[in-house]
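A.B. asks: Numbering (the working numbering), first residue to last: 4 to 224.
For glycine and all other residues, C-beta sits at the position ideal for the given N, C-alpha and C.
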């Protein structure tokens, strides 16, 4: 009597894959500002995003920008070193989507576009220099879970290293948060410290900063 025919498979049968639960997509974002370089890698869930990995480093990319109008070689090297670490972290994931943005320092600097090209060449990261309007839109989008829908309007301040963005948002009848107005002015952590408080925060420096803020906010009223 012949023995039953048996065949060993070196790999699992293909049809078994159809019973496996599909993995949720993973997304990554980089926010390169005047002071910080931040990376977030996350996976969407019904309750929101589940953070897979984060990275933040103070690079002070905009150091000296207020006086020279350009990004310094020293600041660019610091920032590229941080972005190389981001690139290594990104390599570990199969990403469904990415967005890598640069804000005020690269917007204002005469060599901002050249710096972005250098970043692409040295790290592989393709930065996008976004407008202040887009920065405001993204800032409001990030605050949506925090906005009380019973209040029909919200005022959002985003204080960065090189600028401050002010956004006026409205909650419409469909309960959607919409950006109605936006303003950006060149006062942030670095620009204030370099432009007003070089010898310490005196009463005169404080009044000068307040006066500047008031003058910038007047058109927004």
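1) Applying the 10 Å Cβ sphere with the 16-neighbour rule, what's the burial state of residue 179?
2) Rounded C-beta distance between residue 111 and residue 32? I'm assuming under 8 Å.
3) Assuming residue 78 and residue 66 are in contact, meaning their beta carbons sit under 8 Å apart, how far apart are those beta carbons, in whole angstroms?
4) According to DSSP, is residue 95 helix, strand or coil?
5) Among 54, 99, 146 and 120, whose alpha-carbon lies nearest the alpha-carbon of residue 181?
6) Leaving out five residues on either side along the sequence, give the residues of the same chain with a beta carbon under 6 Å from the beta carbon of residue 18.
7) Does DSSP classify residue 78 as helix, strand or coil?
8) Could you check where the alpha helix (DSSP H) with residue 140 kicks off and where it finishes?
9) Alpha carbon to alpha carbon, what distance is there between residue 166 and residue 209?
10) Give, in chain order, every unbroken run of the alpha helix (DSSP H) that is at least 4 residues long and sits entirely within the region 162-188.
11) In chain order, what residues of the same chain have a beta carbon less than 6 Å from the beta carbon of residue 186, not counting five sequence neighbours either side?
12) Can you tell me whether residue 69 is helix, strand or coil according to DSSP?
13) In the structure shown, what three-state DSSP assignment does residue 149 receive?
14) Start and end of the alpha helix (DSSP H) containing residue 220?
15) Please name the residue in 126, 176, 198 and 116 whose C-alpha comes closest to that of residue 153.
16) Could you tell me whether the Cβ atoms of residue 36 and residue 106 are closer together than 7 Å?
17) Measuring only the C-alpha atoms, how far is residue 40 from residue 131?
18) Please check the pair residue 57 and residue 81, which I expect to be a contact at CB under 8 Å, by giving their CB distance rounded to whole angstroms.
19) Looking at the strands, I want to know which residues DSSP matches up with residue 132.
20) Based on the DSSP secondary-structure assignment, which residues constitute the bridge partners of residue 39?
21) With residue 121 as the anchor, note down where its alpha helix (DSSP H) starts and where it stops.
22) Residues in its own chain within less than 7 Å of residue 160 by CB, not counting five upstream and five downstream?
C.D. replies: So, from the data block:
1) Exposed: under 16 other Cβ atoms inside 10 Å.
2) With a contact defined as Cβ atoms closer than 8 Å, residue 111 and residue 32 miss out at about 22 Å.
3) So it is a contact: roughly 5 Å between Cβ atoms.
4) The three-state secondary structure of residue 95, taken from DSSP, is coil.
5) Considering only alpha carbons, the answer is 146.
6) For residue 18, the pLDDT reaches just 42, beneath the cut-off of 50, and the residue's location in the model is therefore unreliable, although a value from the coordinates is still provided. Result list for residue 18: empty, nothing under 6 Å.
7) Annotated three-state conformation of residue 78 is helix, per DSSP.
8) It spans 135-146 - the alpha helix (DSSP H) in which residue 140 sits, taken as one unbroken run.
9) Computed Cα separation, rounded: 17 Å.
10) Runs found: none.
11) Counting only residues of its own chain and dropping the five nearest sequence neighbours on each side, residue 186 has a CB closer than 6 Å to the CB of 169 and 223.
12) In this structure, DSSP gives residue 69 a helical state, which the three-state scheme calls helix.
13) Residue 149: helix per DSSP, three-state reduction.
14) Where residue 220 is concerned, the enclosing alpha helix (DSSP H) stretches over 206-220.
15) Of 126, 176, 198 and 116, the residue nearest in Cα terms is 176.
16) Against a cut-off of 7 Å, the Cβ pair of residue 106 and residue 36 comes out as a contact.
17) If you take the alpha carbons of residue 40 and residue 131, they lie about 14 Å apart.
18) In fact, because the Cβ distance is near 19 Å, the residues do not count as touching under 8 Å.
19) According to DSSP, which records beta bridges pairwise, residue 132 is partnered with 105.
20) Looking at the DSSP assignment, residue 39 forms a beta bridge with 61.
21) For residue 121, the enclosing alpha helix (DSSP H) covers residues 115-126.
22) Contacts found: 167 and 169.
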